[in-house]
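As structure tokens, the structure follows; a few thoughts come after it.
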Amino acid sequence: MQTLPRRLAVAIIVAVVVVFLSIKLNAFRDYQIAEIAVEVTAVAGITVLTGLSGQISLGNAAFMAIGAYTTALVLLHLNWPFYLVLVIAAAVTAVAGAIVGIAAARLHGPYLAGATLLLGVALPSVALAYPGIFGGEQGLNVTFTTPAFLGVNFPPTRWQAWVTAAVALIVLVLLANLTHSRIGRNWRAVRDNEVAAALDGINVAAARVRAFVVSAASAGLAGALLAIITGTVAPGGFTLTLSIALLTAAVIGGLGSLPGALWGSLVIVLVPTYVTDVATSHGLSSTVGANIPVAAYGVVLILVMLVFPHGIQGGLLRLISAFLGTNQKSRTGRTAPPPHVTPSADQAPASQHEKEGSS
Amino acid sequence: MVEFLQFTLSGVVFGMIYAAIALSLVLIWRGTRLLNFAQGGMAMLTTYVAIEVIYHTHSYWAGFVVALAAGLLLGAASELTVIRPTAGKPELNSVIVTIGLLILLEGLAGIFFGAQYRSFPAAFSVTGLKVGSTPLGVSRFDVFTVAAVLATTLILAVTFRYTTAGLRMRAAAFNATIARLSGIRVARVLTVGWALAGLLGALAGVLVSPSTFLYPNSMDAIFVLGFTAAVIGGLDSPVGAVVGGLLLGIVLNYVAGYLNSNLTSLVALGILVAVLMIRPNGLFAGARLRRV
């Protein structure tokens, strides 16, 4: 089958499964489906940025914040239909991504990590500095109602699960097409060797900025969805922890692979809830019960990275190829990320020369 | 004018704390080419150890010394248990491992010490010093803070420059393969580097906690600014770490004092972007060759 129809078919199958699950499961699980969909949308942005173009971001929560506040403000002041609001949120964050991408185009490795980290920490504080517009610490409320044709008794969490899952699937299909187009190939070329890419006539700076735009738009959409499902937008929702969780999910799932974005999102949404359930069912005190998932989550991150260096997707592909025999080897090789993913790997030898001068 | 002096002096105090964190990151970066995101978490945990020791022995200095020792141990233990196995794996993996370690440490602190804010004692008086009748905006303890960080930095610098152990560490950071061929046990040197970084972090934790309170996330903000200081200075340069820390400490103190304390992180971002626009590898980065 052709790739585009195949991706669409997969998306439709997943959509049917989500609809089926959302009807079978209770409201809390529906909310979790929505949470996972939000997470996947944002993590897919990291997959493109870090996994494909080789630029690390520890500040994508800032783009989520921009998308979420845009949604809240447009709904509050203009009251436009939500699908239009989503488009506006994506457009606004894409512009923000272009600005950040241009500023970051010369930065690599830890320098880019530092700049984006501080962006993620600093941007939410704008809301605190201008409480008149952004509502300060309390933030803004977002009202999102189920459409009339579904009837008054339709559970709102189920509608939210549908909307978020639909957006997440559309984003994933679009990104899958993008990564296999010329744009995606250019990203990988820039990631693997900037000089060689430039010699091949690729505009390296433009490719890097483009990755930031796409990543920011995904994060902005995720932020808009988050605003809709939580009903509120406040600076406390877009912390350093969120930015780190997004990168973590992308790496845990398998950096550079869109299915990996899904596995990573499942881990970071479901593992903490699952461990909390186990802890409380064993009658642990609330402080201990609240912190065991945190500690366990840390252990899971460390173990996955040590046992599956290429993330869950890499591990799955390895298991499949071991199961089917050697004829699948080439597939593993193609999908698993290369050993040196960040540009700083290429810089390590260079910086040794630098130390020669300084020491 | 008095206000300006006060803001400057107390800015220097915060700057030295950021510098301590930045130095610990530089130590690890030079040795392992890795950003240790768990640095703040390690400092938080050792400060909890200090608070428990102080509570049981009623001696501040016992707690202080135990915290530093715990920092050494925690640094070495982290390197041996979780960092070393990531060698040879994709580079981001070790970053995620340090993030996992940070989350694990914060979880453990929550389990054993609870989430409530705890006040941490200071070694000396925290009432402001005066020259004549002019308040300086800093206390005896602040002076101790600056002195302690400066002393530790100098001891480290002298060790690196003039001792055999220091030479080994520089050799291992400069070129691991050649160092190994010269008979240096590079792996052990890396462990020592992590231990020293743990000590510096522990020092920063003990020194900053009287003014921030102690809770499982209490070092997050300090870590972010320490990281920023290290990036501004250039991650390879210890001098850059100190300069970056002081620059951030003083400027952010002016912003909080004269403008609005909600703007400090935005201004920090502004400084960082401005510095990196002009020097993409930090203020004190040497001439950089790019491998083709």
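The listed protein sequences derive, respectively, from chains A and B.
Quick note, our numbering runs 406 ahead of the 1-based positions in the first sequence.
Quick note, our numbering runs 3 ahead of the 1-based positions in the second sequence.
Heads up, the beta-carbon is just placed ideally off N, CA and C, and yes, glycines get one too.
Remark: C-beta atoms of Ala-623/A and Ala-496/A approach each other more closely than 8 Å. Residue pairing by DSSP places Arg-121/B opposite Leu-217/B in a beta bridge. Burial of Gly-660/A is indicated by the presence of at least 16 other C-beta atoms within 10 angstroms of its C-beta. Short of 7 Å from the beta carbon of Ile-31/B, and not among the five residues preceding or following it, lie these beta carbons of its own chain, in chain order: Leu-37, Asn-39, Gly-196, Trp-197 and Ala-200. Any Cβ of chain B closer than 8 Å to the Cβ of Thr-654/A would place that residue at the interface, and such an atom is present. In the structure shown, the three-state DSSP call for Asn-697/A is helix.
Closest in C-alpha terms to Leu-479/A, from the list Val-498/A, Gln-461/A and Ile-462/A, comes Val-498/A. Leu-490/A counts as exposed, since fewer than 16 other beta carbons sit within 10 angstroms of its beta carbon.
Below the 8 Å Cβ cutoff, chain B contributes Val-276 and Met-280 as neighbours of Ala-509/A, in chain order. The bridge partners DSSP lists for Ser-142/B are Gly-131/B.
Chain A places a beta carbon closer than 8 Å to that of Val-227/B, counting this residue as a contact. Using a Cβ-Cβ distance cut-off of 8 Å, the segment 698-718 of chain A and the segment 100-119 of chain B are in contact, since at least three pairs of beta carbons, one from each stretch, lie closer than that value. Short of 7 Å from the beta carbon of Ser-459/A, and not among the five residues preceding or following it, lie these beta carbons of its own chain, in chain order: Trp-593, Val-596, Arg-597, Ala-613, Arg-614 and Ala-617. Interface residue (Cβ-Cβ distance to chain B less than 8 Å): Val-705/A is classified as such. In the displayed model, Asn-559/A falls within coil according to three-state DSSP, outside both helix and strand.
For the segment 587-600 of chain A, the set of residues with a beta-carbon nearer than 7 Å to any beta-carbon of chain B is empty.
Within the segment 550-596 of chain A, the runs of alpha helix (DSSP H) that reach at least 4 residues and sit entirely inside it are, in chain order, 562-585. When 7 Å is used as the limit between beta carbons, Glu-6/B is near no residue of chain A, the shortest such separation being about 22 Å. A check of alpha carbon separations from Arg-33/B across Asp-223/B, Leu-217/B and Ala-179/B identifies Ala-179/B as the nearest. The count of Cβ pairs closer than 8 Å, one atom from the segment 138-149 of chain B and one from the segment 165-173 of chain B, stays below three, leaving the stretches out of contact. Assigned with DSSP and collapsed to three states, Asn-547/A falls in strand. For the pair Leu-668/A and Phe-144/B, the Cα-to-Cα distance works out to about 50 Å.
In the same chain as Asn-559/A, and ignoring 5 residues on each side of it, no C-beta atom comes closer than 8 Å to its own. Scanning its chain for C-beta atoms nearer than 7 Å, with the 5 sequence neighbours on each side dropped, one finds around Ile-674/A the residues Glu-445, Ala-651, Thr-654 and Ala-655, in chain order. With contacts defined by Cβ atoms closer than 8 Å, Gly-204/B and Ala-25/B do not form a contacting pair.
Per DSSP, Ile-20/B is one residue of the alpha helix (DSSP H) stretching across 5-35. Taking the Cα positions, Ile-698/A is about 7 Å away from Ile-114/B.
Here Val-527/A is not near Val-270/B, since their CB atoms are 8 Å or more apart. Listed in chain order, the alpha helix (DSSP H) elements of length 4 or more contained wholly in the segment 154-198 of chain B are 167-177 and 179-184.
As computed with DSSP, Val-713/A is found in no beta bridge at all.
Under the three-state reduction of DSSP, Thr-84/B is assigned to helix. With fewer than 16 other Cβ atoms inside 10 Å of its own Cβ, Ile-505/A counts as exposed.
Per the DSSP secondary-structure output, Val-480/A pairs with nothing in a beta bridge.
Around the beta-carbon of Gly-695/A, 16 or more other beta-carbon atoms lie within 10 Å, marking it buried. Close partners of Pro-124/B in chain A (Cβ separation under 9 Å) are lacking, with about 24 Å as the shortest Cβ gap. Take Gly-721/A, set aside five residues on each side of it, and the residues of its chain with a beta-carbon closer than 6 Å to its own are Phe-714, in chain order.
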